Amino acid sequence: MALEVGKIFESDKNIINYEWLGIGRLIYQLPLPLCRMFIKEVLHGLTIDDFDDETLATVNKFFENNLNVSETSRQLYIHRNTLVYRLDKLQKMTGLDLRNFDDAIIFKITLMVSRYMIYMDKMSY
């Protein structure tokens, strides 16, 4: 199980420690119909594919920097207001303000569940 979870959530790493897998271990146990329902509820009918690569890269960097707007904008080489604009755009699409910890957790889990669903769909072919 750990190897499968690692392939899904830590695919960029060559060595995977079971303890690093965290919530990925829980998501891996979820039935796909429940995952689809969760994504539909959180994204209001959208899918992760409806977000452009720039938005997803911005969100991932924002999460890497622990929701720190200044540090994220510095690492992305963009003005702070540009980052705020991108976060506001995402909020209009989803209703989630990623500067709010609870909303950020919901979106992070949504990204992870989406990654899990994509992996499982590929495995079924």
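In case it helps, the UniProt record's numbering puts the sequence shown at residues 1 to 125. By construction, the Cβ of each residue, glycine as well, lies at the ideal position given by its N, Cα and C atoms. Just so you know, these numbers come straight off a predicted model, no measurement behind them.
Q. Roughly how many angstroms lie between the CA atoms of Gln29 and Tyr77, to the nearest whole one?
A. Indexing the sequence shown from 1 puts residue 29 at position 29. Indexing the sequence shown from 1 puts residue 77 at position 77. Going from the Cα of Gln29 to the Cα of Tyr77 covers about 38 Å.
Q: Could I get the ranges of all uninterrupted alpha helix (DSSP H) runs contained in the UniProt domain "PucR C-terminal helix-turn-helix" (56–111), with 4 residues as the minimum, in chain order?
A: 69–76, 80–94
Q) By Cβ distance, which residues of its chain are closer than 7 Å to Ser114, with the 5 residues on each side in sequence left out? A) Looking up residue 114 in the sequence shown gives position 114. Hits under 7 Å: Ile39, Ile48.
(Q) Quick check: Leu87 and Arg99, are their CB atoms within less than 8 Å of each other? (A) Locating residue 87 in the sequence shown gives position 87, where the first residue counts as 1. Locating residue 99 in the sequence shown gives position 99, where the first residue counts as 1. Yes. Within cutoff.
Q: Determine the direct distance from the alpha carbon of Val59 to that of Met37, and round the result to whole angstroms.
A: To locate residue 37, count along the sequence shown from 1; it is residue 37. To locate residue 59, count along the sequence shown from 1; it is residue 59. Those two C-alpha atoms are separated by around 22 Å.
Q) Would you call the CB atoms of Ala104 and Leu56 closer than 8 Å? A) As a first step, residue 104 must be located in the sequence shown, where it is residue number 104. As a first step, residue 56 must be located in the sequence shown, where it is residue number 56. In this structure, Leu56 does not lie closer than 8 Å to Ala104 by Cβ.
Q. Is Gln75 closer than 8 Å to Lys61 when the C-beta atoms are compared?
A. Taking the first residue of the sequence shown as 1, we reach residue 61 at position 61. Taking the first residue of the sequence shown as 1, we reach residue 75 at position 75. Yes, the pair counts as a contact, with Cβ atoms nearer than the cut-off.
Q | When Ile8, Cys35, Pro33, His79 are compared against Thr22, the one with the closest alpha-carbon | A | The sequence position of residue 22 within the sequence shown is 22, counting from 1. Note that residue 22 corresponds to Gly in the displayed sequence, not to Thr. The shortest Cα separation from Gly22 among Ile8, Cys35, Pro33, His79 belongs to Ile8.
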